[in-house]
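Structure, as structure tokens:
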Amino acid sequence: MDVFQMERSGNGSKRFPKPVISFLIAFCLLYIASMFYRSSTSVLIGEVARDNITGEVTENVTRCFETESEDKRSSGTESMAVDKLLGGLLATGFDEESCISRYQAALYRKTSSHEPSAYLVSKLRKYEELHKRCGPDTESYRRTLKKLSSSHTNGTTDCNYLVWTPSNGLGNRIISMASSFLYAVLTNRVLLVDHGADMAGIFCEPFPNTSWLLPMDFPLTDQLHSLQPGNVHSYGHLLKMNNLDISTVSQAPPFLHLYLAYNYGKHDKLFFQDQNQGFLQKIPWLILKSDLYFAPYLFLLPSFHQELGKLFPDKEAVFHHLARYLFHPSNQAWGLITRFYQAYLASADQKIGLQVRVFNRKASPVSVVQKQILGCIKKEKLLPAGR
Numbered sequence: 000m001d002v003f004q005m006e007r008s009g010n011g012s013k014r015f016p017k018p019v020i021s022f023l024i025a026f027c028l029l030y031i032a033s034m035f036y037r038s039s040t041s042v043l044i045g046e047v048a049r050d051n052i053t054g055e056v057t058e059n060v061t062r063c064f065e066t067e068s069e070d071k072r073s074s075g076t077e078s079m080a081v082d083k084l085l086g087g088l089l090a091t092g093f094d095e096e097s098c099i100s101r102y103q104a105a106l107y108r109k110t111s112s113h114e115p116s117a118y119l120v121s122k123l124r125k126y127e128e129l130h131k132r133c134g135p136d137t138e139s140y141r142r143t144l145k146k147l148s149s150s151h152t153n154g155t156t157d158c159n160y161l162v163w164t165p166s167n168g169l170g171n172r173i174i175s176m177a178s179s180f181l182y183a184v185l186t187n188r189v190l191l192v193d194h195g196a197d198m199a200g201i202f203c204e205p206f207p208n209t210s211w212l213l214p215m216d217f218p219l220t221d222q223l224h225s226l227q228p229g230n231v232h233s234y235g236h237l238l239k240m241n242n243l244d245i246s247t248v249s250q251a252p253p254f255l256h257l258y259l260a261y262n263y264g265k266h267d268k269l270f271f272q273d274q275n276q277g278f279l280q281k282i283p284w285l286i287l288k289s290d291l292y293f294a295p296y297l298f299l300l301p302s303f304h305q306e307l308g309k310l311f312p313d314k315e316a317v318f319h320h321l322a323r324y325l326f327h328p329s330n331q332a333w334g335l336i337t338r339f340y341q342a343y344l345a346s347a348d349q350k351i352g353l354q355v356r357v358f359n360r361k362a363s364p365v366s367v368v369q370k371q372i373l374g375c376i377k378k379e380k381l382l383p384a385g386r
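Its first residue numbered 0, the sequence shown is counted upward by one per residue in numbering that gives the first Met the number 0.
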């Protein structure tokens, strides 16, 4: 379990497992680097929209591959043919042109040394069937939606849901979405995500023949972006009002807020107590706000431990598999990524990823940040001598 320990350093940051860091470096290198010196994700969305309007997306993505050498293209095509579905991780049945990156991204990476377990592959196929049966615009979804108008839950429902809401930057959102999906799989819930305006168009749909996007007419939309720790509809507040004894709650509410962000309180943290998971199973709608990679904590819950062991015999590969399954840049975003790659990275023998975080541009001007980065690179000898 050592690889899952999240230790706090002096500045309050968290140390994540190596696969998490590796993915974020690779993703940021191909993706966030195209936004270097820009203020927010919304800038990327503007470029995505512009490409979409001019109809250049597919042409530009194709052109990127046409500029590659024949040797690299031949090698990449062979690799793609051998493991197009990433060892069974990805499902068949997608329109490949609707999400080019789903299969072409493998051309830009080394072959993974982590094979998904047969049990994980089977579980993902079962989840996809559940999502198709219970996703937006289905009769089951509409029927469960009516539960929200009640003060308490009457009987069981065909489908239960986990609604993910965003918090903080794209990196935090990626790791919390991956964790949320894992919890949904473990508890037989359907994951619906509220990407909002600033994430619209970045990722493809991960599940075939359905959508994971929360419908815009969801009745609790007004509450989603104002979730705070300890609010009256939160799980933490419910525990506090019942002296931490969930068994005294006579009737389960139709929905609860789960607040698992960096500033969550002691009552919100009790979500990770195993004895309370049975109560949560009775609630049709869980509304989650998180910016954390909380998947490691799920391994500490006895009720999930055996299942997680079968899903991920190699615990180092949890995020690796979840990220490769869920996150595929849309065609618009993929065009930006591949153009950047061809312009700056394709001819490099080695690539180094740096995460640059600037919280206050006035206190830390670009020139100062550049100087710090160059100083660090020279000090750590990350580049060949003479560069």
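The beta-carbon is built from N, C-alpha and C at its ideal position, and this holds for glycine as well.
Computed from a predicted model, the values in this text were never measured in an experiment.
Check                                                                                                                                                                          : Outcome
Look at I282 and A251 and say whether their C-beta atoms are less than 8 Å apart.                                                                                              : yes
Can you grab the Cα-Cα spacing for the pair I44 / T91, in whole Å?                                                                                                             : Caution applies to I44, whose pLDDT of 43 falls short of 50 and renders its modelled position unreliable; the value that the coordinates give is listed next. For I44 and T91, the distance between alpha carbons rounds to 28 Å.
Look at F254 and W211 and say whether their C-beta atoms are less than 8 Å apart.                                                                                              : no
Three-state secondary structure (DSSP) at R101?                                                                                                                                : helix
How big is the Cα-Cα spacing for K146 and Y296?                                                                                                                                : 30 Å
What did DSSP end up calling V355 once you bin it into helix, strand or coil?                                                                                                  : coil
Using a Cβ distance threshold of 8 Å, determine whether the region 176 to 192 contacts the region 104 to 117, with at least three qualifying pairs required.                   : no
Just checking: is the beta-carbon of V189 within a distance shorter than 8 Å of some beta-carbon in chain D?                                                                   : Of the protein chains in the structure, only one exists, and it is not chain D.
Since I believe D157 is in contact with R141 (beta carbons under 8 Å), could you give me their beta-carbon distance rounded to a whole number of angstroms?                    : Not confirmed; about 11 Å, so no contact.
Return yes when the Cβ of F339 is within less than 8 Å of the Cβ of I173, no when it is not.                                                                                   : no
When burial is assigned at 16 or more other CB atoms within 10 Å of the CB, is R360 buried or exposed?                                                                         : exposed
According to DSSP, is Y263 helix, strand or coil?                                                                                                                              : coil
Quick check: N230 and H236, are their CB atoms within less than 8 Å of each other?                                                                                             : yes
Which residues mark the beginning and the end of the alpha helix (DSSP H) in which T337 is found?                                                                              : N330 to Y343
Output the distance between the C-alpha atoms of Q354 and H232, rounded to the nearest integer angstrom.                                                                       : 36 Å
By the DSSP assignment, the beta strand (DSSP E) with Y160 in it spans what residues?                                                                                          : N159 to T164
Rounding to the nearest angstrom, what Cα-Cα distance links K350 and S100 in this structure?                                                                                   : 20 Å
Mind checking who Y258 pairs with in its DSSP beta bridge?                                                                                                                     : K288
What are the boundary residues of the beta strand (DSSP E) that R108 is part of?                                                                                               : Unbroken run through R108: none, as it is neither H nor E.
Which residues share a DSSP beta bridge with S112?                                                                                                                             : Its beta-bridge partners do not exist; DSSP assigns none.
Using a 10 Å radius around the Cβ and a threshold of 16 neighbouring Cβ atoms, would you call L381 buried or exposed?                                                          : exposed
Could you give the C-beta distance for S175 and Y258, rounded to a whole number, given that I count them as a contact under 8 Å?                                               : Contact doesn't hold; Cβ gap of about 12 Å is too wide.
Using the Cβ count rule (16 or more neighbours within 10 Å means buried), how would you classify C375?                                                                         : exposed
Can you give me the start and stop residues for the alpha helix (DSSP H) that L279 sits inside?                                                                                : Q276 to L279
Could you tell me the alpha carbon to alpha carbon distance between F35 and P165, rounded to whole angstroms?                                                                  : Note on F35: pLDDT 35, under 50, position unreliable in the model; the coordinate value appears next. Between F35 and P165, the C-alpha separation is close to 22 Å.
Determine the closest residue to P135 out of L191, K83, Y343 and E128, with distance taken between C-alpha atoms.                                                              : L191
Please state the DSSP three-state secondary structure of V231.                                                                                                                 : coil
Can you name the residues that DSSP bridges to V189?                                                                                                                           : Y160
In whole angstroms, what separates the C-alpha of G352 from that of L119?                                                                                                      : 30 Å
Compute the distance between the beta-carbons of F206 and E127, then report whether it is under 8 Å.                                                                           : yes
If distances are taken between C-alpha atoms only, which option among V189, S149, S116 and L84 comes closest to Y160?                                                          : V189
Mind reading off the beta-carbon distance from H320 to L88? Whole number of angstroms is fine, and I expect it under 8 Å.                                                      : 6 Å
Cα-Cα, which of G195, R323 and A362 is closest to K83?                                                                                                                         : R323
Label T209 either buried or exposed according to how many other C-beta atoms from any shown protein chain fall within 10 Å of its C-beta, with 16 as the threshold for buried. : buried
Taking the C-alpha atoms as reference points, what is the distance between A332 and C203?                                                                                      : 10 Å
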